[in-house]
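Peer 1: Below is one structure. I have some questions about it.
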């Protein structure tokens, strides 16, 4: 099925550990996004990639890095995890027009202890 | 920059009753508007969208939303809800004139709980 695939689905990290969240889409979309979801705060944009080879900061980029590996893949890295990064992370993709909206992955639930 | 306000964080309603989930937005330029639904432990799914034309838009499962430019609102309604409509609903907006990446700004969400 076409869509956005995220791995892993669950992860527990100790403070200071690093990890990479993977995201891949097979809809030939140009733009990809990483959001975090916290209770009562909706979704907040961490980083986005308008097209292959470009990345930009969103609303809450501190503590994260991203890589747009190719048109299909967009990864999110936590270099030194902190408890404040406990959240659910969603990857999404869209075409250039924005008229079709976003397609979301199923999320990664990350707990930092 | 644009912003989205969802006025109710929780809406309980009995099965077969009507419901309205409120959304107001702020933007200095024209926007596209969206409603997304999130079922427990799942990602967000597009429910409906307003791009242009008729201000009333409908989804395949009976929801509708009306774009009101003067009131900068995009409220979501359903005349008769089902238990299966229990979910969190997010209103979102993107500026039409933004660059090549269509950044969506989300509201904080409304938890709709349908009671038997």
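Chains as they are written, first to last, in our numbering: chain A, 36 to 148; chain B, 2 to 117.
Virtual Cβ for every residue (Gly too), placed ideally from N, Cα, C.
1. Ignoring anything shorter than 3 residues, give me the beta strand (DSSP E) runs that lie fully in the stretch 24-64 of chain B, in order along the chain.
2. With DSSP collapsed to three states, give me the class of residue 10 of chain B.
3. Measuring only between beta-carbons, confirm whether residue 76 of chain A sits less than 8 Å from chain B.
4. Just curious, the beta strand (DSSP E) that residue 80 of chain A is in, first and last residue?
5. For the stretch 33-55 of chain B, enumerate the residues whose C-beta is nearer than 7 Å to any C-beta of chain A, in chain order.
6. Give the straight-line distance between the Cα atoms of residue 36 of chain B and residue 50 of chain B, rounded to the nearest whole angstrom.
7. Taking the alpha-carbon of residue 73 of chain A as reference, which of A:98, A:109, A:93 and A:123 has the nearest alpha-carbon?
8. Could you confirm whether any beta carbon from chain A is found closer than 8 Å to the beta carbon of residue 104 of chain B?
9. With distance defined between alpha-carbon atoms, name the residue in B:38, B:16 and B:68 nearest to residue 89 of chain B.
10. Among the residues of its own chain, which have a CB less than 7 Å from the CB of residue 5 of chain B, if the five just before and after it don't count?
11. In chain order, what residues of the stretch 109-143 of chain A put their CB closer than 7 Å to some CB of chain B?
12. Does the stretch 80-89 of chain A come close enough to the stretch 105-112 of chain A to have 3 or more Cβ pairs within less than 8 Å?
13. Could you name the residues of the stretch 5-35 of chain B whose beta carbon sits closer than 9 Å to any beta carbon of chain A, in the order they occur along the chain?
14. Taking residue 97 of chain A as the reference, which of A:141, A:71, A:130 and A:40 has the closest Cα?
15. Is the beta carbon of residue 39 of chain A closer than 8 Å to that of residue 116 of chain A?
16. Would you mind stating whether residue 129 of chain A and residue 136 of chain A have Cβ atoms separated by less than 8 Å?
17. How many Å lie between residue 75 of chain B and residue 111 of chain B at the Cα?
Peer 2: In short, the structure shows the following:
1. 24-27, 32-39, 45-51 and 57-59
2. Here residue 10 of chain B corresponds to residue number 9 of the second chain, with the count starting at 1. Coil.
3. Along the first chain, read from residue 1 onward, the residue named residue 76 of chain A stands at position 41. Output row for residue 76 of chain A: interface = yes.
4. As a first step, residue 80 of chain A must be located in the first chain, where it is residue number 45. Element bounds for residue 80 of chain A: 78-84.
5. 33, 35, 43, 44, 45, 47, 50 and 52
6. For this step, residue 36 of chain B is matched to residue 35 along the second chain. For this step, residue 50 of chain B is matched to residue 49 along the second chain. Cα to Cα, the separation comes out at about 6 Å.
7. Within the first chain, residue 73 of chain A is the residue found at index 38, counting from 1. Nearest of A:98, A:109, A:93 and A:123 to residue 73 of chain A, Cα basis: A:123.
8. Translated into the one-based positions of the second chain, residue 104 of chain B becomes position 103. With 8 Å as the cut-off, residue 104 of chain B counts as an interface residue toward chain A.
9. In the second chain, residue 89 of chain B corresponds to position 88, counting from 1. Cα-wise, what sits closest to residue 89 of chain B is B:38.
10. Taking the second chain and counting its residues from 1, one reaches residue 5 of chain B at position 4. For residue 5 of chain B, where only same-chain residues beyond five positions count, the Cβ hits under 7 Å are 24, 26, 92, 93, 94, 106, 107 and 108.
11. 125, 129, 131, 133, 134, 136, 137, 139, 140, 141 and 142
12. Yes, they touch.
13. Taking a C-beta cut-off of 9 Å against chain A, the contacting residues of the stretch 5-35 of chain B are 5, 7, 10, 33 and 35, listed in chain order.
14. As a working mapping, residue 97 of chain A is identified with position 62 in the first chain. For residue 97 of chain A, the closest alpha carbon among the candidates A:141, A:71, A:130 and A:40 is that of A:71.
15. Working through the first chain from its first residue, we reach residue 116 of chain A at position 81. Working through the first chain from its first residue, we reach residue 39 of chain A at position 4. Cβ distance not < 8 Å, so residue 116 of chain A and residue 39 of chain A don't count as in contact.
16. The residue you call residue 129 of chain A lines up with position 94 of the first chain. The residue you call residue 136 of chain A lines up with position 101 of the first chain. With respect to residue 136 of chain A, residue 129 of chain A sits close: the two C-beta atoms are nearer than 8 Å.
17. The residue labelled residue 75 of chain B in the question sits at position 74 within the second chain. The residue labelled residue 111 of chain B in the question sits at position 110 within the second chain. Each residue's Cα considered, the two are about 14 Å apart.
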